[in-house]
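Reviewing the structure listed below.
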Amino acid sequence: MRADPTILHVDLDAFFAAVEQRDKPSLRGKPVVVGGVGGRGVVATASYEARAFGVRSAMSTAEARSRCPHAAFLTGRFDAYREVSGTVMRLLRELSPLVEPLSLDEAFVDLAAAGLDDVSVAGVTEVARRLKRDLHEATGGLHGSVGIGTSKLVAKIASDLEKPDGLVVVPPGTERDLLRPMRVTVIPGVGPATAERLRRVGVHTVAELERISEDELVRVVGQAHGKGLYRMARADDDRPVVAEREAKSVSVEDTYDTDLVDRRLLEGLLDRQAAKVTERLRKARLSGRTVTVKVRLHDFSTHTRSLTLAAPTDNTRTVARLARTLIAEVDTSGGVRLLGVGVSGLADWIQEDLFGDTEEAADTADEPLAEEAIARVTRGRPWSPGMDVEHATHGPGWVWGSGRGRVTVRFETAETRPGPVKTFSTDDPDLVPRPRGRYDVPPDTPEAGVPEAGVPEAGVAAPDDATPL
DNA sequence: TCTGGGGTCCTAGGACCC
DNA sequence: TCTGGGGTCCTAGGACCC
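Residues 179 to 647 in my numbering are what the first sequence spells out, letter by letter.
So this is what it looks like as structure tokens:
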């Protein structure tokens, strides 16, 4: 805990849904749900209009549909979210060199490193007001909630208090009074399992948590968690804002619409995932020693099998071969709903295979039977709801929905007013996926005057890159 | 119509080493 | 011929976060 309120936490309000409403004017003021749209999808973000109907993050999309059938259900456009996130993070770094992103829509900023003259409550309140205004302008209308306090704990809790579009500064010395009446679940790290353990010893609020001894807490929730909670209950938190964090693992996983049993199919899918993971490793110039296969069975039980190599690898065939070996150790006969491949124990990228074992895209060419089955099972739809498209004569728009050989498009962008809704054949050559950044940079922002600024070279989505959330 | 995907951190037992 | 104790690595599972 610092003497001055110099830790700031920003959280963009209903982030994914807000970006969709920005880029799709007809959805402004309407319920929007972003997440998986398949039979086993869950909600990533719901707009506040959808939350009014009881739609929440992590709820199954099926339940969200029943609660709010008239909402727009969209798959995520992560390139767009990453772009907006980048804009926000740049803004924060103008405020202070010490910025710690927690996710695309959240970050801590250390104002002590910002060289401010005035870190009084009034001073930092003014800083936050300016930040919210700048953020609103730079993002084309998004809102963020800001919390400021003497620690990460307090700043994070504060940003949540007046959502959306909130601004809460917790004056030094008032932290414990703020926390005491709150439920223990406000403390990050206290989820359902920990809350239940605490409930069993009569602890529901932070005030009650404060009355438990450290030894007792360690007995109830374990060593690390217990000691941490003992301090958090007293708002005793001096964790630093850490700007650069290195990745510890890279992984890919997919849940399938139906449970899979066929061995060759599972192996073919693992090959694809191994290719994806190693491609990401190579792009990041990383390699790893431990390969992990994750399997979720029909009964939702989750199993992992891992193996550590003597030297790090980023080789697709090495990872694929290990993945096949590892899955053989799991009884998958009852059906597999999720399959994943991960690599951890990361090292800076090392040149390997000096003797010419060159990379190949995939290792499935020798199994054409599985290829067909893979194509049937893979959920990447060519036209997923929400994706950006362009029609030769009607111009830019986005996919409302598709099915039975038809795709319905709403013609509008952030700048063009809502236009017509039209339906096409899914193989209409005049309709193509639209690369990011060509129409969706709002006017009157710094980016608009400098076209290339808002258009990162990686922002072009491949046609088949419609991976569901 | 149950329960995503990408991560981080912790625990606990066994192997292995000094 | 009763056997300590610490440290580190590996593996599997689980809680939690957004």
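Note that CB positions come from ideal geometry on N, CA and C, so glycine has one too.
Please read all numbers here as calculations on a predicted model, not as lab measurements.
CB-CB length for residue i against residue j, believed under 8 Å
i    : j    : result
E568 : R502 : Actually they do not touch by this definition, with Cβ atoms about 41 Å apart.
L313 : L269 : 6 Å
G327 : I552 : The Cβ separation is near 51 Å, so there is no contact.
L443 : G513 : Their Cβ separation, rounded to whole angstroms, is 12 Å, which puts L443 and G513 out of contact at 8 Å.
R467 : T486 : 5 Å
E388 : R412 : 6 Å
Buried versus exposed call for residue i [16 or more other C-beta atoms within 10 Å across all chains shown]
i    : result
P209 : buried
H248 : exposed
K202 : buried
D415 : buried
D605 : exposed
A146 : Outside the modelled stretch of the chain, which goes from 179 to 647, sits residue 146, for which no answer is possible.
E278 : buried
D296 : exposed
D189 : buried
D622 : With a pLDDT of only 39 at D622, under the threshold of 50, the placement of this residue in the model should not be trusted, and no figure is reported.
K330 : buried
P490 : buried
P611 : buried
E261 : buried
R234 : exposed
S138 : No statement about residue 138 is possible, as the shown extent of the chain runs from 179 to 647 and does not include it.
G232 : exposed
T480 : exposed
A181 : exposed
Alpha carbon of residue i to alpha carbon of residue j, nearest angstrom
i    : j    : result
V619 : A592 : Reliability of the predicted coordinates at V619 is poor, the pLDDT of 43 falling under 50, and the value obtained from them is presented with this limitation in mind. Using only the alpha carbons, I get a separation of about 8 Å.
K426 : T433 : 23 Å
L516 : R450 : 14 Å
I505 : V473 : 8 Å
G406 : V368 : 11 Å
P183 : R483 : 46 Å
S560 : P350 : In the sequence as presented, Ser is not what sits at residue 560; that position holds Pro. Spanning the two alpha carbons is a distance of roughly 53 Å.
T586 : R595 : 18 Å
G264 : R271 : 10 Å
R168 : G380 : Nothing in the structure corresponds to residue 168, since the chain is present only between 179 and 647.
K310 : A196 : 15 Å
D288 : T352 : 20 Å
V497 : E457 : 11 Å
Q199 : L294 : 35 Å
A373 : L357 : 16 Å
D643 : L448 : In this prediction, D643 scores a pLDDT of 29, lower than 50, which makes its location untrustworthy; the coordinate-derived value is nonetheless stated afterwards. Distance between the alpha carbons of D643 and L448: 18 Å.
S323 : V347 : 11 Å
A540 : H476 : Unreliable placement is indicated for A540, whose pLDDT of 49 sits below 50; the coordinate value is still reported in the next sentence. Cα to Cα, the separation comes out at about 27 Å.
R460 : N493 : 9 Å
A192 : A488 : 44 Å
A626 : A258 : Residue placement at A626 is poorly supported in this model, since its pLDDT is 32, which falls under 50; the coordinates are not used for a value here.
Proximity test, residue i beta-carbon vs the ligand NAD heavy atom, cut-off 7 Å
i    : result
V302 : In the structure shown, the ligand NAD is absent, as is every other ligand, since no ligand is present at all.
For residue i: DSSP bridge partner residues
i    : result
H481 : V473
L524 : G466
V188 : A285 and V324
V212 : T223 and L252
K600 : V587
L438 : V514
P203 : P203 is not bridged to any residue.
W576 : D566 and R588
S429 : G520
P613 : Bridge partners of P613: none, in fact.
Requested in this report: Output the residue ranges of the beta strand (DSSP E) runs that lie fully inside the region 217 to 285 and measure 3 residues or longer, sorted by chain position.
Outcome: For the region 217 to 285, whole beta strand (DSSP E) runs of length 3 or above, ordered along the chain, are 221 to 224, 250 to 252 and 277 to 281.
**Report entry** Uninterrupted beta strand (DSSP E) stretches inside the region 287 to 361 (no shorter than 3 residues)
**Finding:** Secondary structure in the region 287 to 361: the beta strand (DSSP E) runs of 3 residues or longer, each lying completely within the stretch, are 322 to 327 and 345 to 347 in chain order.
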